[in-house]
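A quick write-up on the structure given underneath.
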Amino acid sequence: MSNNIPDKAWDSIYSFLQCVSGLHTKDEEKTRCFVEGVWYVLRTGCQWRLVPSYYGDWRRIHKRYKQWADRGVWCDLMSAVSDVDDQSFMIDATVVRAHACASGYQKDGNEAQALGRSKGGFTTKIHALVDGLGNPVKFILTEGNRHDVTQAAELLKEQRNTTVLADKGYDSQALIDTLENQECSAVIPSKVNAKKPRKIDNWLYKERFLVEAFFSKMKHFRRVFSRFDKTTSAFLGFLHFVGALIWMR
311 MSNNIPDKAW
321 DSIYSFLQCV
331 SGLHTKDEEK
341 TRCFVEGVWY
351 VLRTGCQWRL
361 VPSYYGDWRR
371 IHKRYKQWAD
381 RGVWCDLMSA
391 VSDVDDQSFM
401 IDATVVRAHA
411 CASGYQKDGN
421 EAQALGRSKG
431 GFTTKIHALV
441 DGLGNPVKFI
451 LTEGNRHDVT
461 QAAELLKEQR
471 NTTVLADKGY
481 DSQALIDTLE
491 NQECSAVIPS
501 KVNAKKPRKI
511 DNWLYKERFL
521 VEAFFSKMKH
531 FRRVFSRFDK
541 TTSAFLGFLH
551 FVGALIWMR
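In terms of the working numbering, the sequence shown has 524 at position 214, counting the first letter as 1, and numbering is strictly consecutive.
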């Protein structure tokens, strides 16, 4: 079995895992084999039962992955390897199609699991916050038919004294007021029909392409490009693992 995760990145991952209690990661070789198996599913988008046998039993890999996702281990991993450039932040959202197998979670229903129905079928919207270099900081999932601006305040609630870049979809006076209260400078163009258009720094606004570039990098991982997971925790686990891998490039 060849390793797909670079050794330098693995050293960072394993160093983090050693600090988390209850994960049973003392055997580095077996732990790496498991994480490589998760990487295989993430990158190829395959079903769990199609994971090559040299990674181990697919049922155990899936069960262990889900346990880590529910505990927030993948989210904590992304935070652990992050080195955020807080001079500016960008927010945006992207829609991913959800396979029919992602629906039907009986405990809470589709809406609670961020699945929305439209003419195109089931969709999930990924709301993302990235730093000044276009690296991921935070994710929120909603149904695909929810408006981008609805999650903006939650994405940005921890940011203070910085610059926030976003497109016209975030042109909301309530959001502008919230950012001002947080001592943040908003670089958000006004909508075409605005009565009093807002002046912005157009050169600075061009930096917003970094969030679009991040979405492009993220969707190279097929398990994120399309959603197959029934629960938000499982899908967010893959998102945070992608985020960690991007940080470690």
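A virtual CB, placed ideally from N, CA and C, is assigned to each residue, including glycine.
**Request:** Would you decide whether His409 is buried or exposed? Buried here means 16 or more other CB atoms lie within 10 Å of its CB.
**Result:** exposed
**Prompt:** Using CA coordinates, which residue listed in Ile498, Ala554, Ser325 is at the minimum distance from Ser398?
**Reply:** Ile498
**Message:** Could you tell me the alpha carbon to alpha carbon distance between Trp378 and Leu555, rounded to whole angstroms?
**Reply:** Roughly 17 angstroms between the two C-alpha positions.
**Through-space distance from Lys318 to Trp349, alpha-carbon basis** = 16 angstroms
**Prompt:** Which residue's Cα is closest to the Cα of Phe535: Leu520, Trp320, Val351?
**Reply:** Val351
**Request:** Have a look at Asn313, Ser363, Val440, Glu346 and flag the residue whose alpha-carbon is nearest the alpha-carbon of Ala403.
**Result:** Val440
**Request:** Pick helix, strand or coil for Val391, following the three-state DSSP scheme.
**Result:** coil
**Request:** Would you mind stating whether Gly454 and Lys429 have Cβ atoms separated by less than 8 angstroms?
**Result:** Contact: no.
**Message:** Here's the rule I'm using: 16 or more other beta-carbon atoms within 10 Å means buried, otherwise exposed. How should Gln461 be labelled?
**Reply:** buried
**Asked** Mapping DSSP to helix, strand and coil, what is Glu468?
**Response** If DSSP states are grouped into helix, strand and coil, Glu468 belongs with coil.
**Asked** Hey, how far is the Cα of Trp368 from the Cα of Trp358?
**Response** Rounded to whole angstroms, the separation of the alpha carbons of Trp358 and Trp368 is 6 angstroms.
**the stretch 468 to 479 in contact with the stretch 384 to 399 per 3-pair CB rule at 8 angstroms** = yes
**Asked** Count the other CB atoms within 10 Å of the CB of Leu514; is the residue buried (16 or more) or exposed (fewer)?
**Response** exposed
**Message:** Between which two residues does the beta strand (DSSP E) holding Met400 run?
**Reply:** 398 to 408
**Message:** What would DSSP say about Gly431, mapped onto helix, strand or coil?
**Reply:** strand
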